[in-house]
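Participant:
There are 2 protein chains.
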Amino acid sequence: MSVAGVGEFGLIDRVTARLSYGSTVLLGPGDDAAVVAAPDARVVASTDVLVEGRHFRRDWSGARDVGHRAAAANLADIAAMGAQPTALLVALCMPPELETGWAEELADGLAAEAAKVGASVVGGDMSASPTLTIAVTALGDLGGRPPVTRSGARPGDVLALAGRIGYAAAGLTVLTRGFRTPRLLVEACRRPEVPYAAGPHAARLGATSMIDVSDGLLADVGHVAKASGVAVDVRRDAFEVPRQMRDAAQALGVDPYSWLLAGGDDHALAATFPSAVALPPDWRPIGRVAEGSGVTVDGRPYDGPAGWDHFR
Amino acid sequence: MSVAGVGEFGLIDRVTARLSYGSTVLLGPGDDAAVVAAPDARVVASTDVLVEGRHFRRDWSGARDVGHRAAAANLADIAAMGAQPTALLVALCMPPELETGWAEELADGLAAEAAKVGASVVGGDMSASPTLTIAVTALGDLGGRPPVTRSGARPGDVLALAGRIGYAAAGLTVLTRGFRTPRLLVEACRRPEVPYAAGPHAARLGATSMIDVSDGLLADVGHVAKASGVAVDVRRDAFEVPRQMRDAAQALGVDPYSWLLAGGDDHALAATFPSAVALPPDWRPIGRVAEGSGVTVDGRPYDGPAGWDHFR
């Protein structure tokens, strides 16, 4: 059955029947708006949109994968402020001939990813559109801590990373060249594994700045350097190229460091910490903050591809 | 200059330079997420999406109009819970060849509409897309009051309306038939005039249920009737057909009550009140709640067009 066949309200009923609600949800879908707990008396909010053909392809990713990824991209932004995600709202634009099963599985993926951090899908909107588009807004709670912004890095700080990088970019290259393996990389491109807990953890440890790595490590560290008015140097030897990535790079004739340093979409977290902070295992040091501006790799400008611009 | 020409970050800079931030904005655009005050320790949140060709046409509405309308549709949902809007987040998907001026004027419209209620555009996302799409999320604060849902109407309550209805639908019919006047109606279709203050006002007066009229009065009152498990009767003589609407209806051969009773997009608010409440001038009585189910007009089923389904 197509989404046009069941109609807007029929589809909303089908989708909301699949959702469940955590303790932060005071009023879920079905009214003009949802009501979500904000115990901190501040709410952290971020919006990210995925467009078919631009951010995902239905022949490369299942609906559930796309749901996981759309949720993850937004939940990672909340975690990158040092906050705990509480809720997602989803605007879903669909071609009328889309199978309802696709929308239902998308909702399953969104809900399952949100559940990893105790968050819930609390509302949304649906419309017909020639272009399948998923705009997600995530909300979160700071738990009494100040938000960790991009602008607090100070000379002498250590740059550290939580989570994987380069996997999603490697997987995308693999898929683009017409392959479906290695599975590790292709799956990473379909569903990021976001180190959500590392965000609030970094905030409690006293991180001076933090960012979600979505445009590519060097590009995103560049945002931190610019916002903080500092220079950042990334150490290439901080990255071990995983075996499957090394093999794929060799087979495809790609420098694996272009995936590691410029690939986005793994939604790792990068943060800076005062050098006195003893970093726990989820945060590994990868560089240094200094006076100046810009990002260097081993002290030199990086001449590989820099990152991602969504209009180019 | 096209949006592809200035690029994602260039366009974000241009747009955010035009915004200003009210006192509820603790951290505005430019980081992974915004931080908004939620003094009530709960946040009200709603998402609504506008798709070109489905919800607006660029030859019928300017970018600023579309911005006003996208903001209004969302802010009205917050008001309909009895809450005070605080912030908007905007996901904007644009054809790469779109002029940057269009996006900038859209932002002006969004910000100006939000400013009417003291709210601010605090964040968003941009992407290229073949289909111009604007997904907006609005946040709001309940000020210590319980949310006014759709499910609290009780037999004996009075149904009341705040704001205009039928104007936007009449304006749309006028435009569809190739006319550009009467201006009053056409302008109403471009930019709704939402009675924002009437939402929190109704909550303070003890409204038992409330809804934003976006699908059409009878359809939306039907949502209240269903959620509350009651019947609602609407009095046709509660509506005076404005002169310009009557003239347009006559010229176009349309029953003006089809606009009044089934037209959406004016974002009036409909609410039910205990009969003992003395209604202030912004809320005029238009019907009654009784035991039973469904919506009637003057005691009979309404046989005109019922409302709007976004997939049909």
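So the sequence lines, in the order shown, correspond to chains A and B. The opening residue of the first sequence carries number -6 in our numbering; numbering runs sequentially from there. The opening residue of the second sequence carries number -6 in our numbering; numbering runs sequentially from there. Every residue, glycine too, gets a C-beta built ideally from N, C-alpha and C.
DSSP state of residue 120(B), grouped into three classes?
Facilitator: If DSSP states are grouped into helix, strand and coil, residue 120(B) belongs with the strands.
Participant: What does the alpha-carbon distance come out to for the pair residue 180(B) and residue 170(B)?
Facilitator: Cα-Cα distance, rounded: 15 Å.
Participant: Run through DSSP, which three-state label would residue 99(A) get?
Facilitator: Looking at residue 99(A) - three-state DSSP - the assignment turns out to be helix.
Participant: How many angstroms separate the CA atom of residue 70(B) from the CA atom of residue -3(B)?
Facilitator: C-alpha separation (whole angstroms): 33 Å.
Participant: Return helix, strand or coil for residue 294(B), following the three-state DSSP convention.
Facilitator: DSSP places residue 294(B) in coil when its eight states are reduced to three.
Participant: Rounded to a whole number of angstroms, what is the C-alpha to C-alpha distance between residue 166(A) and residue 184(A)?
Facilitator: In a straight line, the C-alpha of residue 166(A) is about 15 Å away from that of residue 184(A).
Participant: Run through chain B and tell me which residues come within less than 9 Å of residue 204(A), C-beta to C-beta.
Facilitator: Within 9 Å Cβ-Cβ: 24, 25.
Participant: Verify whether the separation of the beta carbon atoms of residue 98(A) and residue 153(A) is less than 7 Å.
Facilitator: In this structure, residue 153(A) does not lie closer than 7 Å to residue 98(A) by Cβ.
Participant: To the nearest angstrom, how far is the alpha carbon of residue 34(A) from that of residue 151(B)?
Facilitator: Answer to the nearest angstrom: the Cα atoms are 35 Å apart.
Participant: Name, please, each residue of chain A whose Cβ falls closer than 7 Å to the Cβ of residue 86(B).
Facilitator: Those are 42, 44, 126, listed as they occur along chain A.
Participant: Could you check whether the stretch 253 to 273 of chain B touches the stretch 192 to 210 of chain B, counting it as contact only if at least three pairs of C-beta atoms, one from each stretch, sit closer than 8 Å?
Facilitator: Contact between the stretch 253 to 273 of chain B and the stretch 192 to 210 of chain B is present, because at least three Cβ pairs lie under 8 Å.
Participant: Are the C-beta atoms of residue 321(A) and some chain B residue less than 7 Å apart?
Facilitator: Nothing can be reported for residue 321(A): it is not among the residues displayed for chain A, which extend from -6 to 305.
Participant: Within the 7 Å Cβ cut-off, does residue 73(A) reach chain B?
Facilitator: True, the Cβ-Cβ gap to chain B drops below 7 Å.
Participant: Taking CB distances under 7 Å as the criterion, tell me whether residue 142(A) reaches chain E.
Facilitator: Among the protein chains of the structure shown, namely A and B, there is no chain E.
Participant: Tell me the residue span of the alpha helix (DSSP H) that contains residue 111(A).
Facilitator: Taken as a continuous stretch (DSSP letters only), residue 111(A) belongs to no alpha helix (DSSP H), as it is neither H nor E.
Participant: Measuring alpha carbon to alpha carbon, tell me which of 124(B), 238(B), 213(B) ends up nearest residue 227(B).
Facilitator: Nearest of 124(B), 238(B), 213(B) to residue 227(B), Cα basis: 213(B).
Participant: On the three-pair Cβ rule with 8 Å, is the stretch 245 to 254 of chain B touching the stretch 120 to 130 of chain B?
Facilitator: The answer is no - the stretch 120 to 130 of chain B does not touch the stretch 245 to 254 of chain B, with fewer than three Cβ pairs under 8 Å.
Participant: At 8 Å on the CB atoms, spell out the chain A contacts of residue 50(B), in chain order.
Facilitator: Within 8 Å Cβ-Cβ: nothing; residue 50(B) doesn't reach chain A, min ~14 Å.
Participant: Quick one: Cα of residue 260(A) to Cα of residue 155(A), how far?
Facilitator: Using only the alpha carbons, I get a separation of about 9 Å.
Participant: Helix, strand or coil: how does DSSP classify residue 289(A) here?
Facilitator: The answer is strand: DSSP assigns residue 289(A) an E or B state.
Participant: Reducing DSSP to helix, strand and coil, say where residue 74(B) ends up.
Facilitator: Three-state result, residue 74(B): coil.
Participant: Got a sec? Which residues, its chain only, sit under 7 Å from residue 32(A) by beta carbon, not counting five neighbours each side?
Facilitator: So the list reads 134, once near-sequence residues are dropped.
Participant: What is the DSSP secondary structure of residue 6(A), reduced to helix, strand or coil?
Facilitator: Helix.
Participant: With DSSP run on the structure shown, which of helix, strand or coil describes residue 180(B)?
Facilitator: In the structure shown, residue 180(B) sits in a helix (DSSP, three-state: H, G or I).
Participant: Between which two residues does the alpha helix (DSSP H) holding residue 236(B) run?
Facilitator: That run of the alpha helix (DSSP H) goes 236 to 245.
Participant: Around the C-beta of residue 79(B), are 16 or more other C-beta atoms found within 10 angstroms, so that it is buried, or is it exposed?
Facilitator: When all chains shown are included, residue 79(B) counts as buried.
Participant: From the DSSP secondary-structure annotation, give me the bridge partner or partners of residue 22(A).
Facilitator: DSSP output for residue 22(A) lists 24(A) as bridge partner(s).
Participant: Return no unless some Cβ of chain A is closer than 7 Å to the Cβ of residue 78(B).
Facilitator: Residue 78(B) does not count as touching chain A.
Participant: What does the alpha-carbon distance come out to for the pair residue 53(B) and residue 111(A)?
Facilitator: Whole-angstrom Cα-Cα distance: 44 Å.
Participant: Pull the bridge partners of residue 204(A) from the DSSP assignment, please.
Facilitator: According to DSSP, which records beta bridges pairwise, residue 204(A) is partnered with 263(A).
Participant: For residue 259(A), decide whether its Cβ has a neighbour in chain B, counting only Cβ atoms nearer than 7 Å.
Facilitator: False, the Cβ-Cβ gap to chain B never drops below 7 Å.
Participant: Which value, in whole angstroms, describes the spacing of the CA atoms of residue 100(B) and residue 262(B)?
Facilitator: Rounded to the nearest angstrom, the two C-alpha atoms are 25 Å apart.
Participant: Mind listing the chain B neighbours of residue 36(A)? Cutoff is C-beta to C-beta under 7 Å, in chain order.
Facilitator: Here the neighbours are 29, 31, 36, 132.
Participant: Using a cut-off of 8 Å between C-beta atoms, extract the partners of residue 122(B) located in chain A.
Facilitator: 44, 47, 124, 126, listed in chain order.
Participant: For residue 60(A), which residues from the same chain have a beta carbon less than 6 Å from its beta carbon, with the 5 sequence-adjacent residues on both sides left out?
Facilitator: Excluding residues within five positions, the ones whose Cβ falls inside 6 Å are 99, 102, 103.
Participant: Going by DSSP, what residues sit across from residue 130(B) in a beta bridge?
Facilitator: Its beta-bridge partners are 40(B), 82(B).
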